[in-house]
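Reviewing the structure listed below.
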Amino acid sequence: MTAGSGPYAVFTPCVQSHAFEERRTPLPCQEEHAIKIGRSVARLKPNVDNAIFDCKVLSRNHATMWYEDGRFYLRDTKSSNGTFVNNQRLSKGGEESAPTEIFSGDIIQFGVDIVENTKKVTHGCIIAMVRLFHSDGTEASIVRDCPDSVDSQSQMHTSMIASSPSHAGNALNSQELFQLQQYIREATHREQMLEHKLSTLQGLLASTQEASENSWQALINEDRLLSRIEMLESQLQMYSKSNNEDKMRDEVLNLHNEKEKYETVAKEALRRALQEKTEAIQKLFDVERSLETTEEECGRLREKCEAAHSELTTLSETHQSTVDRINQLLGQLQESESRYAELEAGSNAERAELERKLAELVRQETLLRLKIDSLQSDKDLSSEALAAATRHVEQMTAGEANRAEDSGDESLRQLSFALKESQLQADEYKRQMNEMKNLLDTADGQLDDVRADLRQAKQMASAEHQKASRIGEKLEESTKTMSAIVGSATSDLLTHLEISLFNQEHNEDLIKHLNEFASQLENRLKGVMASIDEASSGYDSALETSLSSDDDRMALEDQLAKALQAQLMSDTELDKYKVELSHAQRLQEKSHQEADVLRDQLKQTELLLAESAAQCERYRDQATKEKDLRATLHDELNRLKMDMEDTKTRLNEQSEEISHLKEKLSGTTEELAFERSVKNTSSMDGDNERIELHRQLAKHQADFSRMNEECDQLRQRTTRSDTELSSVREECCRLESENRQLHDSLDDLNRLKESLLTNETTWRDHVGSVKSEAGIVRNQLDETVEQLMRVQQRESQQAEEARNLRRRLEEAFDLEELARRSRTVMVVSAIPLILLFIALVAAFLPFFA
């Protein structure tokens, strides 16, 4: 009963019911589509899935039945003989009843028993126990208005009856008693049916046993009678002839000749059969030895497979160690990035400091410009004073000498005072020049620091480039995280190089700015020196025209010499600044060249990284291929192990069968020896000798048939061995193909290792070790190929032996054809032995199966 097929009802016939088969009727879920219960007509025939019965007491439309809201309903549709539920009629005759709810286990009766007066025949009604099932396959409630089962209710009622027998009639109503009675009646009916079936089966078994014994006895009697008739016919033929001694002697001689002929033929057949059996046993021994050798080879192959598995584990461990080292290198790369970020922050701070110092220098420049302007105004004043002094000297030449001398002294004093002031201003200017020189020295030092920073940045960039290249070389051997690592390394290198280029460009801008500032300072110094030259020339001319005394002239010459020395010093300083500016320009050109070199290196690194990424993809594909090949090899080795175990079990079975055949052969040889001894010691008359000869020939033919059966078994074994050899040959071919694939993969690995040797110098030792391991694996695979070739040779030898066995079996069939030409008496006398052989075959059939 399957759930989910809709509600249904099962009608089981009771004992006193009209006979019908058990019905399983599906029920509709609406009253309009209720199933019809009634008598069979031409269009409606009884079936196992409807409620139509071949019963005369039912009406055509006797009742209807349906399922609604989880309940089962039954309605009598104006039937003439009525419908009963648990012995209660639903409605009067000719009236339609109301829908009545029924439950699983109710006894439903359609109609009543009617006796036909004319024929004195009783027509039975339909009495059935109904079992109701819901759509989910669960059975509906069995007992009305009580959740307990029928057994518990019956026990309760029996206990109540036992406890209070006086109130038993009050405790049980008629409906429950009727239901219990129906259950008991149904159980007894089923028990009687089972007993009847058991008795019929026992009788059938006894009759079959008796019939088989009678048939065997009849066959044996028939064989005996046939042999007796044959013997009597032969005696009659002998007696019908004339009883002449010569004829009797000739007959006896003929019988002896026939006997000897049959004995020679039987001996020859037995000898051939024994020889073939010994040869087959020897070949089986050879097959066992070859199987042992193949098992040893399989053991060696298994050991090699385990060694290869261990090597694979070591390779996986080395791969894991390389992955760990790559992670360490990534950590070091991150640390270097953090250090570079710190250095970048320091360079930014130094750049800000340099900018601040440049601003300070600009401010000092403005102050110096203001001072130069003030000196220029002082110079104008001194030139005006000198002009006034010259005019005063001219007046002195025209006026009085004393007053001229006094005024000249006063003018000289004023001039000396002005010269002192100019000297002080020159000293102040020298001091300012020294300060400017110091500032320029500091600027040069800062430029040197900037250049050192640039060199350090270049070195760091080269170091980072070297680290990236080393990391790229190491990352080429990884198989899983290669693309992400290469991408991060390339992005990091690009960012580092961009930062270094940005710093370099910024430093170039700074150098340009410093060069412009130095050129401006040089121009300003040139202007100052020109003004000083003009002032000194004016002073010289004024002094030469105005001074007449030697002492004053000497003092002024000393002052002028000092001014010239200061000018020379300023010229040397300017030359130094020019040299430094040219050096800075050369450094700038070098930095441009280095920037170009760095750009070329960046392009080369990008190309190398692209090549390394492509190589990593190829390595990853090769690694996946190797993994798949290893998995397939592992599966094939497991399957070969299972096949070898199956062949072991089969060979064990064959060895057991061979031992059994040996035992049979020893028994047959003992029987032959016993027959020979009996034949030599017997001295019977001609008829008895002929009967004995027939019996011996029958035995020999039975042995020959048994030998044929054994040959058939050997033929089957050879076919099985051929199938096994073909399967082994297919496996060998598959192993050879896998071996070729392994050779191809090993060649690819060798090419990969050579490329790694050319590109990665740091992993040469590891690649060499892997290459040696690959050579070991290749040697092992060559050994396996040789072993497979040996197995194929053995298979060819076994196939040749199988062909020899077939040829010998064909010869045995020829002997069998010769033996079939014997008399029917031999066949009849061999029937018991054939039956015995069939029994033995039936006994040993499970072993062969």
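Mapping to UniProt numbering: the sequence shown position 471 is 471, numbers consecutive. In this text, a Cβ means the ideal position worked out from N, Cα and C, and glycines have one as well.
query	result
Residues sharing a beta bridge with residue 628, DSSP	Per DSSP, none; premise fails for residue 628.
Spatial distance of residue 17 from residue 193 (CA atoms)	15 Å
Residues near residue 71 by beta carbon distance below 6 Å, same chain, minus five either side	101
With 16 other Cβ atoms within 10 Å as the buried cut-off, status of residue 66	buried
Short Cβ contact (8 Å threshold) for residue 86 with residue 175	yes
Simplified DSSP assignment, three categories, for residue 53	strand
Backbone CA spacing between residue 850 and residue 319 [nearest angstrom]	This structure leaves residue 850 out entirely; the chain is present only between 1 and 849.
Residue span of the alpha helix (DSSP H) that contains residue 123, given as start and end	Premise fails: residue 123 lies in the beta strand (DSSP E), 121-123, not in any alpha helix (DSSP H).
Closer than 8 Å to chain B by CB, residue 216	No chain B is part of this structure, which consists of one protein chain only.
Closest residue to residue 649 among 189, 178, 751, 295 (Cα-Cα distance)	295
Residue 105 - DSSP class collapsed to helix/strand/coil	coil
Nonlocal neighbours in the same chain, by C-beta distance under 8 Å from residue 113, ignoring five residues either side	57, 122, 123, 124, 125
Euclidean distance between Cα positions of residue 202 and residue 215	20 Å
Residues that residue 88 bridges to, as DSSP identifies them	85
Bridge-paired residues (DSSP) for residue 96	77
Touching by the beta-carbon criterion (3+ pairs, under 8 Å), the segment 181-193 and the segment 132-140	no
Among 115, 103, 118, nearest to residue 134 - alpha-carbon criterion	103
For residue 535, the three-state DSSP class (helix, strand or coil)	Its pLDDT being 47, under 50, residue 535 is placed unreliably by the model, and the measurement read from it follows with that caveat. The answer is helix: DSSP assigns residue 535 an H, G or I state.
Pick from 109, 48, 628 that is closest to residue 25, judged by C-alpha positions	48
For residue 38, the first and last residue of its enclosing beta strand (DSSP E)	35-39
Bounding residues of the alpha helix (DSSP H) (the contiguous stretch that carries residue 20)	Segment: none, residue 20 is in no alpha helix (DSSP H) and carries neither H nor E.
Backbone secondary structure at residue 132 - three-state DSSP	strand
Contact under 8 Å by Cβ, residue 13 with residue 98	no
Among 11, 301, 267, nearest to residue 131 - alpha-carbon criterion	11
Sequence-distant residues of the same chain with beta carbon closer than 6 Å to residue 20, five excluded per side	13, 53
Buried or exposed (CB count within 10 angstroms, at least 16 for buried), residue 165	Since pLDDT at residue 165 reaches only 40, below the 50 mark, its modelled position is unreliable, and the value read off the structure follows with that caveat. Exposed.
Three-state class that DSSP yields for residue 9 in the structure shown	strand
Helix, strand or coil at residue 63 [DSSP, three-state]	strand
N-terminal and C-terminal residue of the alpha helix (DSSP H) that residue 879 is part of	Because the chain in this structure spans residues 1 to 849, residue 879 falls outside the shown range and cannot be described.
Buried/exposed call for residue 299, threshold 16 Cβ in 10 Å	exposed
For residue 24, the three-state DSSP class (helix, strand or coil)	strand
Inter-residue Cα distance where the pair is residue 204 and residue 107	35 Å
Inter-residue spacing [alpha-carbon to alpha-carbon] between residue 329 and residue 305	35 Å
Through-space distance from residue 835 to residue 842, alpha-carbon basis	10 Å
Other residues of its chain near residue 7: CB distance less than 6 Å, five sequence neighbours each side excluded	27, 67, 134, 135
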